[in-house]
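Visitor:
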Amino acid sequence: MPVAEGAGAEPSRAARLLSALFYGACSFFIVLVNKVLLTTYGFPSPIFLGVGQMAVTITILYVSKLNKIIHFPDFDKKIPVKLFPLPLLYVGNHISGLSSTSKLSLPMFTVLRKFTIPLTLLLEAIILGKQYSLSVITSVFAIIVGAFVAAGSDLAFNWEGYIFVFLNDIFTAANSVYTKQKMDPKELGKYGVLFYNACFMIIPTLVISVSTGDLQQATEFGQWKDVLFLLQFLLSCFLGFLLMSSTALCSYYNSALTTAVVGAIKNVSVAYIGMLVGEDYVFSPLNFVGLNICMAGGLRYSFLTLSSPAKPKPPADEENVPLDLKS
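Numbering of the sequence shown is given in full-length UniProt numbering, commencing with residue 1 and proceeding in unit increments.
1. Kindly confirm or deny that the stretch 281-298 and the stretch 141-152 touch, where touching means at least three C-beta pairs closer than 8 Å.
2. Could you give the distance in angstroms between the alpha-carbon of residue 22 and the alpha-carbon of residue 77?
3. List the whole-angstrom C-beta distance separating residue 194 from residue 33, where the pair is believed to meet the contact cut-off of C-beta under 8 Å.
4. Find the nearest neighbour of residue 258 within the set 20, 15 and 14, judged by alpha-carbon distance.
5. Check whether the stretch 77-91 touches the stretch 209-227, counting contact only when three or more Cβ pairs, one atom from each stretch, lie closer than 8 Å.
6. Starting from residue 44, follow the alpha helix (DSSP H) in both directions and report where the run begins and ends.
7. Taking the beta carbon of residue 131 as the centre, do at least 16 other beta carbons fall within 10 Å, making it buried, or is it exposed?
8. From residue 187 to residue 73, what does the alpha carbon distance come to, in whole angstroms?
9. Which residues in the same chain have their Cβ closer than 8 Å to the Cβ of residue 143, if we skip the five residues on either side of it in sequence?
10. Give a yes or no on whether the C-beta atoms belonging to residue 200 and residue 93 are separated by under 8 Å.
11. CB residue 87 to CB residue 178, shorter than 8 Å?
12. Measuring straight from C-alpha to C-alpha, what distance separates residue 68 and residue 180?
13. From residue 36 to residue 42, what distance separates their C-alpha atoms?
14. If you scan the stretch 157-193 from start to end, which runs of the alpha helix (DSSP H) of 4 or more residues do you find wholly inside it?
15. Count the other CB atoms within 10 Å of the CB of residue 129; is the residue buried (16 or more) or exposed (fewer)?
16. Quick one: what's got a C-beta closer than 7 Å to residue 304's C-beta in the same chain, skipping five residues either side?
17. Which value, in whole angstroms, describes the spacing of the CA atoms of residue 273 and residue 28?
18. By a C-beta neighbour count over all protein chains shown, 10 Å radius and 16 as the cutoff for buried, is residue 211 buried or exposed?
19. Taking buried to mean at least 16 other C-beta atoms within 10 Å of its own C-beta, is residue 50 buried or exposed?
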């Protein structure tokens, strides 16, 4: 019995670490690509970009299912009930995230996204009944203090951008927690959640794009013949699929809170790059200090969570992982 437990603990720990790294990498690259599309190129249609990401997700997952690379259940009448409210959170997360990217400087965008973390912690406690140690809560508090310090010195204040990014924080936290709750391998599984979310929301999102003039602006955009722009648009759509997949994997093998903190560490890394590469960052000492406090808190959380055996988690993981692998 002890041997079996030891053998099962090591792959679980590796899966937790690799899924977190995969999510961090995907999240890092898609922010950079979207920033270039929406700011450098001035692409005016973030909702249409979200439609493209959903279309690529549906296509890749469906083709993979046909070729038996992955498995998820066929459609039935119970699936919408099983998914609710994920489709609404999913499209809200997409639209608010893409809209907020174009409204703020890259470093300030990444700072305000830190508020996803306490919201996720709160929702995990309410919905999933999770409890966290004082050390973990202290690390989260440090990230938020850093965000307040950095945001308080923002010299390029933009109310519209702040509202969009706060809405994005709420949608992201709720989406992560409910995704974790609904990724039961005996039900839809990770890929079923991703596939049916995209299927249910691509048409309503397209309707929103048409009714708001977003689609018309996209069709009238003058850079479609630019090969470099087109390649980056397609890359963003593919990265959208990878981001959704990596988010599901990280939440599945770890927790929604760990996914949020890994994203925060990635965001601070992007902020450092934005200071050197971007032209829309207004430097101030307090902002820089705040970013460093955020990074310190995020690294401490990662050390506590990913480097530890995480003994409270294995019963749930050991029960779920084999079932998913069998499917």
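Glycine included, C-beta positions come from ideal geometry on N, C-alpha and C. A quick note: this is a predicted structure, and the numbers were derived from the prediction, not measured.
Guide: On the basis of the data shown:
1. yes
2. Looking up residue 22 in the sequence shown gives position 22. Looking up residue 77 in the sequence shown gives position 77. Those two C-alpha atoms are separated by around 34 Å.
3. Numbered from its first residue, the sequence shown carries residue 194 at position 194. Numbered from its first residue, the sequence shown carries residue 33 at position 33. The pair is not a contact, with the Cβ atoms about 20 Å apart (cut-off 8 Å).
4. Here the question's residue 258 lines up with position 258 in the sequence shown. Checked all of 20, 15 and 14; the closest Cα to residue 258 is 20.
5. no
6. Taking the first residue of the sequence shown as 1, we reach residue 44 at position 44. Segment: none, residue 44 is in no alpha helix (DSSP H) and carries neither H nor E.
7. Counting from one through the sequence shown, the residue named residue 131 turns up at place 131. The residue in question, residue 131, is exposed, as its Cβ has fewer than 16 Cβ neighbours within 10 Å.
8. Working through the sequence shown from its first residue, we reach residue 187 at position 187. Working through the sequence shown from its first residue, we reach residue 73 at position 73. Those two C-alpha atoms are separated by around 8 Å.
9. Here residue 143 refers to the residue found at position 143 when the sequence shown is read from its first residue. Within the same chain, residue 143 has close Cβ partners 114, 117, 261, 264, 293, 294, 297, 298 and 301.
10. Position 200 of the sequence shown holds residue 200. Position 93 of the sequence shown holds residue 93. Not a contact, by the Cβ cut-off of 8 Å.
11. Taking the first residue of the sequence shown as 1, we reach residue 87 at position 87. Taking the first residue of the sequence shown as 1, we reach residue 178 at position 178. It is not a contact, given that the beta carbons lie outside the stated cut-off.
12. Position 68 of the sequence shown, counting from 1, holds the residue named residue 68. Position 180 of the sequence shown, counting from 1, holds the residue named residue 180. If I take the Cα positions, the gap works out to 24 Å.
13. In the sequence shown, residue 36 corresponds to position 36, counting from 1. In the sequence shown, residue 42 corresponds to position 42, counting from 1. Rounded to the nearest angstrom, the two C-alpha atoms are 8 Å apart.
14. 159-182
15. On the sequence shown, position 129 is the one that residue 129 refers to. Looking at its Cβ environment, which holds fewer than 16 other Cβ atoms inside 10 Å, residue 129 is exposed.
16. Indexing the sequence shown from 1 puts residue 304 at position 304. For residue 304, where only same-chain residues beyond five positions count, the Cβ hits under 7 Å are 135, 136 and 139.
17. Taking the sequence shown and counting its residues from 1, the one referred to as residue 273 is at position 273. Taking the sequence shown and counting its residues from 1, the one referred to as residue 28 is at position 28. If you take the alpha carbons of residue 273 and residue 28, they lie about 11 Å apart.
18. If you number the sequence shown from 1, residue 211 lands on position 211. The residue in question, residue 211, is exposed, as its Cβ has fewer than 16 Cβ neighbours within 10 Å.
19. Indexing the sequence shown from 1 puts residue 50 at position 50. Residue 50 comes out buried.
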